[in-house]
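Have a look at the structure below before the remarks.
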Amino acid sequence: MNVLCPCCKAYHWLGEQLKKSKKNQPTFGDCCLNGKIKLPVLQRPPPALHSLLIGDNVTSKEFREHIIGYNNALAFTSLGGKFDNSINQGRRGPWIYRLHGAMYHNSGGLLPREGKNPVYAQLYILDPREALRHRTHHNPDLNHVTLTDLQDMMIHHHQYATIYKEAYKIAQDHVSQHPAHLADVQIRLHFAAGSDQRTHNLPTADEVAAIIPGDGSEHLDPRDVVLHLHTGQFQHIHDSHPAYQTLHFVLWFPYGEHGWHENILFADGRAGERKRISQSDYYAYRLYPREGEADTLFRSGRLFQQWIVDSWATVEQDRLRFNKQNQEKLCADLYKGLVDAIPSDGNLDPNDIGKKYILPSSFTGSSRHMQQNFQDSMAITRNYGKPDAFVTMTANP
1 MNVLCPCCKA YHWLGEQLKK SKKNQPTFGD CCLNGKIKLP VLQRPPPALH SLLIGDNVTS
61 KEFREHIIGY NNALAFTSLG GKFDNSINQG RRGPWIYRLH GAMYHNSGGL LPREGKNPVY
121 AQLYILDPRE ALRHRTHHNP DLNHVTLTDL QDMMIHHHQY ATIYKEAYKI AQDHVSQHPA
181 HLADVQIRLH FAAGSDQRTH NLPTADEVAA IIPGDGSEHL DPRDVVLHLH TGQFQHIHDS
241 HPAYQTLHFV LWFPYGEHGW HENILFADGR AGERKRISQS DYYAYRLYPR EGEADTLFRS
301 GRLFQQWIVD SWATVEQDRL RFNKQNQEKL CADLYKGLVD AIPSDGNLDP NDIGKKYILP
361 SSFTGSSRHM QQNFQDSMAI TRNYGKPDAF VTMTANP
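For the sequence shown, the positions run 1 to 397 when full-length UniProt numbering is used.
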């Protein structure tokens, strides 16, 4: 990869150029849609993290080998999903990160339940020494000195370390003023969009989150991060919140930078009928190394793999949500009713009857998409005759 995109400075191979471009003046579309997407350059991480990512000593190698453990020890949120690690057991070769189904980012209460040790964001409201003791207890295999340095980095650089402390203080003040609301007190981290929606720079104090106290009776934006003082339940953070990945992948967002949100506009105002950058556009942009930009992501090893799976799951869930909310536009009302609920073999469990959502052939992996591809392949066979060889392209999981 030695050819630069003239618009975003992403590294490419020459063969990736757009067909309409010239070899001596290549242009590219996958990285920035030929200049339609412009995102701020990712900054070089703080020295403590940078040296661990590029170092060749024993400490740096140990860090990169256990980078997911270090990230989880410092994360504000936990991951939820059906993860399969069995493929890595008893085998040699590259480590594999496998997910079945949906993935969630979960947030708990600001305080742990009675008799439980604090975890994740709860550790950021404690004294640093107490927090380090708990992190070391939960992660005995991690290097104590490395964990100490990274915790200090988070406290001094990550915006949300300050935000969570401030949220806890506001919650305490709210309880002191309204003691009857102790069980219901909650804090909302509401994203306040800045004036220029083409950018998502380091968040300012006003933009990172509007910390709004309440007792649970207020109208809630489903995209807000809601923090309770005491709760035994997890809240799924909406993937459209700009801090969705920031709160978990803290070693990739060491300053608390915001990720994708619904208000990022194209650089020229629109691309066709669209005005806003999609999640797919955003993650495709971030997956390219660029001249003059920190390569933190590409040095993160196993955490990089986890981030790719998380990003893919986020895009897939967003597409499913779009199809669910636009069934009428997809003419899915033609399929409504009990008749469509009856399977072809006639075996119907009444408990399975409910509202049915139709995935069109444009949704990759849906039954209609597979059927359409099959019909296309049969049409090719009818026109050109039976194939001499049937080639199947696969990839090891």
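Where a beta carbon is used, it is the ideal one built from N, C-alpha and C, also for glycine.
Residue closest to residue i, alpha-carbon to alpha-carbon, out of the options
{"i": "residue 7", "options": "20, 21, 307, 27", "result": "27"}
{"i": "residue 112", "options": "104, 123, 11, 246", "result": "123"}
{"i": "residue 255", "options": "76, 30, 119, 46", "result": "46"}
{"i": "residue 325", "options": "311, 116, 356, 308", "result": "356"}
{"i": "residue 298", "options": "359, 385, 150, 251", "result": "251"}
{"i": "residue 258", "options": "227, 190, 150, 291", "result": "190"}
{"i": "residue 110", "options": "25, 377, 188", "result": "188"}
{"i": "residue 286", "options": "40, 4, 22", "result": "40"}
{"i": "residue 102", "options": "318, 372, 387", "result": "318"}
{"i": "residue 79", "options": "372, 245, 9, 278", "result": "245"}
{"i": "residue 249", "options": "365, 56, 309", "result": "309"}
{"i": "residue 279", "options": "304, 302, 312", "result": "312"}
{"i": "residue 73", "options": "150, 281, 237, 243", "result": "150"}
{"i": "residue 63", "options": "379, 303, 321, 366", "result": "303"}
{"i": "residue 436", "options": "328, 241, 392, 236", "result": "Because residue 436 is not part of the residues shown, which for the chain are 1 to 397, the question remains open."}
{"i": "residue 243", "options": "394, 393, 389, 107", "result": "107"}
{"i": "residue 135", "options": "76, 89, 162, 30", "result": "76"}
{"i": "residue 306", "options": "88, 241, 68", "result": "68"}
{"i": "residue 239", "options": "320, 295, 177", "result": "320"}
{"i": "residue 10", "options": "25, 116, 30, 21", "result": "30"}
{"i": "residue 127", "options": "281, 116, 90, 161", "result": "161"}
{"i": "residue 295", "options": "268, 327, 253", "result": "253"}
{"i": "residue 61", "options": "300, 392, 260, 384", "result": "300"}
Residues bridged to residue i [DSSP beta-bridge criterion]
{"i": "residue 25", "result": "22"}
{"i": "residue 83", "result": "99"}
{"i": "residue 276", "result": "265"}
{"i": "residue 78", "result": "106"}
{"i": "residue 290", "result": "10"}
{"i": "residue 4", "result": "11"}
{"i": "residue 235", "result": "107"}
Element boundaries [beta strand (DSSP E), containing residue i]
{"i": "residue 253", "result": "Residue 253 -> no beta strand (DSSP E), and no H or E assigned at all."}
{"i": "residue 186", "result": "186 to 190"}
{"i": "residue 227", "result": "225 to 228"}
Element boundaries [alpha helix (DSSP H), containing residue i]
{"i": "residue 134", "result": "128 to 138"}
{"i": "residue 157", "result": "144 to 157"}
{"i": "residue 72", "result": "67 to 74"}
{"i": "residue 384", "result": "367 to 384"}
{"i": "residue 112", "result": "Unbroken run through residue 112: none, as it is neither H nor E."}
{"i": "residue 316", "result": "302 to 325"}
{"i": "residue 47", "result": "47 to 54"}
Cβ-Cβ separation, residue j to residue i (assumed contact under 8 Å), whole Å
{"i": "residue 34", "j": "residue 14", "result": "Rounded, the Cβ-Cβ distance is 16 Å, inconsistent with contact."}
{"i": "residue 323", "j": "residue 266", "result": "The pair is not a contact, with the Cβ atoms about 23 Å apart (cut-off 8 Å)."}
{"i": "residue 283", "j": "residue 315", "result": "6 Å"}
{"i": "residue 121", "j": "residue 70", "result": "Contact doesn't hold; Cβ gap of about 16 Å is too wide."}
{"i": "residue 66", "j": "residue 141", "result": "7 Å"}
{"i": "residue 263", "j": "residue 274", "result": "13 Å between Cβ atoms; not a contact."}
{"i": "residue 84", "j": "residue 105", "result": "Not confirmed; about 19 Å, so no contact."}
{"i": "residue 131", "j": "residue 227", "result": "No, residue 131 and residue 227 are not in contact; Cβ-Cβ is about 17 Å, not under 8 Å."}
{"i": "residue 368", "j": "residue 361", "result": "4 Å"}
{"i": "residue 291", "j": "residue 4", "result": "6 Å"}
{"i": "residue 137", "j": "residue 119", "result": "Contact flag wrong, Cβ pair sits at about 10 Å."}
{"i": "residue 125", "j": "residue 281", "result": "Not confirmed; about 36 Å, so no contact."}
{"i": "residue 387", "j": "residue 381", "result": "7 Å"}
message: Three Cβ pairs or more, each shorter than 8 Å: is that satisfied between the stretch 46 to 60 and the stretch 142 to 155?
response: yes
message: Quick check: the stretch 93 to 102 against the stretch 157 to 171, are at least 3 beta-carbon pairs closer than 8 Å?
response: no
task: Decide if the stretch 30 to 48 is in contact with the stretch 152 to 160; the criterion is three or more beta carbon pairs, one per stretch, under 8 Å apart.
output: yes
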